[in-house]
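J.: Take a look at this one; I'll ask things after.
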Amino acid sequence: MYRGTPVNCLHLGMSIHVDLPGPLHRHSTCSCTVISQQSYSFPLFTTRWVSFFLKNIQIQTSSFSFFSSMASENSQIRIVTCAPSSYPKLIPKLALLLKECVHNNIVMNFIQPFSIEEGEKFWKDLEQGVNENKQFIIVALEGDPNERVEPVMLGCVILYLSQQPNAKHRGEIGKLIVGREHQRKGIGKMLLTVLEEEARKHGRTILFLDTQTGSKAETFYKRVGYIPVGVIPDICLAPDGKELTSCTFFYKRI
Numbered sequence: 001m002y003r004g005t006p007v008n009c010l011h012l013g014m015s016i017h018v019d020l021p022g023p024l025h026r027h028s029t030c031s032c033t034v035i036s037q038q039s040y041s042f043p044l045f046t047t048r049w050v051s052f053f054l055k056n057i058q059i060q061t062s063s064f065s066f067f068s069s070m071a072s073e074n075s076q077i078r079i080v081t082c083a084p085s086s087y088p089k090l091i092p093k094l095a096l097l098l099k100e101c102v103h104n105n106i107v108m109n110f111i112q113p114f115s116i117e118e119g120e121k122f123w124k125d126l127e128q129g130v131n132e133n134k135q136f137i138i139v140a141l142e143g144d145p146n147e148r149v150e151p152v153m154l155g156c157v158i159l160y161l162s163q164q165p166n167a168k169h170r171g172e173i174g175k176l177i178v179g180r181e182h183q184r185k186g187i188g189k190m191l192l193t194v195l196e197e198e199a200r201k202h203g204r205t206i207l208f209l210d211t212q213t214g215s216k217a218e219t220f221y222k223r224v225g226y227i228p229v230g231v232i233p234d235i236c237l238a239p240d241g242k243e244l245t246s247c248t249f250f251y252k253r254i
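So the sequence shown is numbered by the UniProt record's numbering: it starts at 1 and just counts up by one.
What follows is the structure in structure tokens.
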């Protein structure tokens, strides 16, 4: 059972679409509305209405997507946890996203020049973990899933589930990427929201990550509720290889 809203802040013109297994009904022991089964789209007219509505619902579901009409009336953004069967087909698009980040000198564990082949190898190396439910690749796609046109890859994030015997309550966030042309649309926050729900489903109660100190990503994580715990100076090279950079470590209880 997911209590509350899957999104803390949505822009006007957006809606939540929930794929569920039954209709809306009143909970027998509380005053909230429970959503179960079937598919619903909720237009978000005003932030006040959003706050009222989302404080009084519970969502019971294993997956949900967000649809945004910010880019155009027909634009649809879906946040999807990749199934093992569909993951290989997305690897080329994930490689392009990663290449763009490295090219823009964003710290991603790689050094320029960085090829598509190197990007594809990184994502292919995760395939076994995806098949074994040890890690989850969550992607933001734009396009109507009912049409035959290939969706556009807008962003991605990785959830690593700790496999250590004494840390089965822990998860790590990696490679949160939003394409440069699609930033400032709330996509990063949508990706994290679905990642946190996925982590809860697998018994995780705390998440951690590291990101480049002084970057836009550092500011973003603070804004969405992640708590900085310290900085390790000069821990890695920037992708252009010209200078050492520091990393800030964050955590969040979920």
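Idealized CB from N, CA, C, for every residue including glycine. If you're wondering where the values come from, they're calculated on a predicted model, not measured in any experiment.
(1) Does GLN128 come out as helix, strand or coil in the three-state DSSP assignment?
(2) Which residue marks the beginning of the alpha helix (DSSP H) containing THR219, and which one marks its end?
(3) Which whole runs of the beta strand (DSSP E) in the UniProt domain "N-acetyltransferase" (106-245) are 3 residues long or more, in chain order?
(4) Check the C-beta distance from PRO239 over to GLN112 and give it rounded, since I have them as a contact under 8 angstroms.
(5) Could you tell me the alpha carbon to alpha carbon distance between PHE208 and LEU161, rounded to whole angstroms?
(6) Which residue marks the beginning of the alpha helix (DSSP H) containing ILE91, and which one marks its end?
(7) Candidates LYS124, ASP210, GLU150, VAL178: which alpha carbon is nearest PHE249's?
(8) So is VAL149 buried or exposed if we call it buried at 16+ other beta carbons inside 10 Å?
(9) Just reading off the beta strand (DSSP E) that ILE254 is part of, what are its end residues?
(10) Apart from the five residues just before and just after VAL178, which ones in its own chain have a Cβ nearer than 6 angstroms to its Cβ?
(11) May I ask you to report which of helix, strand or coil DSSP gives CYS247?
(12) For the region 139-146 against the region 104-121, are there 3 or more C-beta pairs whose distance is under 8 angstroms?
(13) Taking all protein chains shown into account, do 16 or more other C-beta atoms lie within 10 angstroms of the C-beta of THR193, making it buried, or fewer, making it exposed?
(14) Applying the criterion that 16 or more other CB atoms from any shown protein chain within 10 Å of the CB defines a buried residue, is ALA95 buried or exposed?
(15) For HIS202, which residues from the same chain have a beta carbon less than 8 angstroms from its beta carbon, with the 5 sequence-adjacent residues on both sides left out?
(16) Where PRO233 and CYS101 are concerned, what is the direct C-alpha to C-alpha distance, given to the nearest angstrom?
(17) Since ILE137 and GLU196 are thought to touch, with beta carbons under 8 angstroms apart, how far apart are those beta carbons, to the nearest angstrom?
(18) Express the C-alpha separation of LYS222 and GLN212 in angstroms, rounding to a whole number.
(19) Considering only their Cβ atoms, is the gap separating ILE79 from TRP123 smaller than 7 angstroms?
(20) Within a Cβ cutoff of 7 angstroms, which residues of the same chain sit near GLY230, ignoring the five residues on either side of it in sequence?
(21) Distance, Cα to Cα, ALA83 vs VAL130?
(22) Which value, in whole angstroms, describes the spacing of the CA atoms of ARG204 and PRO165?
(23) Exposed or buried, which one is ASN198 when buried takes at least 16 other CB atoms within 10 Å?
(24) Exposed or buried, which one is GLU218 when buried takes at least 16 other CB atoms within 10 Å?
T.: To lay it out plainly:
(1) Helix at GLN128.
(2) For THR219, the enclosing alpha helix (DSSP H) covers residues 216-223.
(3) Unbroken beta strand (DSSP E) stretches of 3 residues or longer found wholly inside the UniProt domain "N-acetyltransferase" (106-245): 135-142, 152-161, 170-178, 206-212, 227-237, given in chain order.
(4) Confirmed, Cβ separation roughly 5 angstroms.
(5) PHE208 and LEU161: Cα-Cα distance of roughly 11 angstroms.
(6) Residue range 87-103 is occupied by the alpha helix (DSSP H) that includes ILE91.
(7) Among LYS124, ASP210, GLU150, VAL178, the Cα nearest to that of PHE249 is on ASP210.
(8) Per the 10 Å Cβ criterion, exposed.
(9) No beta strand (DSSP E) holds ILE254; DSSP gives it neither H nor E.
(10) Closer than 6 angstroms at the Cβ level, and outside the excluded window around VAL178, lie GLY155, ILE187, GLY188.
(11) Three-state result, CYS247: strand.
(12) As far as the Cβ criterion goes, the region 139-146 does not touch the region 104-121, which means the pair count is below three.
(13) Answer is buried; the Cβ neighbour count reaches 16.
(14) It is buried - the Cβ of ALA95 has at least 16 other Cβ atoms within 10 Å.
(15) Here HIS202 has ASN133, LEU161, GLY171 as same chain residues with Cβ atoms under 8 angstroms from its own Cβ, once five neighbours each way along the sequence are excluded.
(16) CYS101 has its alpha-carbon roughly 21 angstroms from the corresponding atom of PRO233.
(17) Beta-carbon to beta-carbon, ILE137 and GLU196 are separated by about 15 angstroms, too far to satisfy the 8 angstroms threshold.
(18) Their Cα atoms are separated by approximately 13 angstroms.
(19) The criterion of a C-beta distance shorter than 7 angstroms is not satisfied by TRP123 and ILE79.
(20) Counting only Cβ-Cβ distances below 7 angstroms, and skipping sequence neighbours, we find PHE249.
(21) ALA83 and VAL130: Cα-Cα distance of roughly 8 angstroms.
(22) Distance between ARG204 and PRO165, taken at the CA atoms: about 13 angstroms.
(23) One point to set straight first is that residue 198 is Glu, not Asn, in the sequence displayed. Result: buried.
(24) The residue in question, GLU218, is buried, as its Cβ has 16 or more Cβ neighbours within 10 Å.
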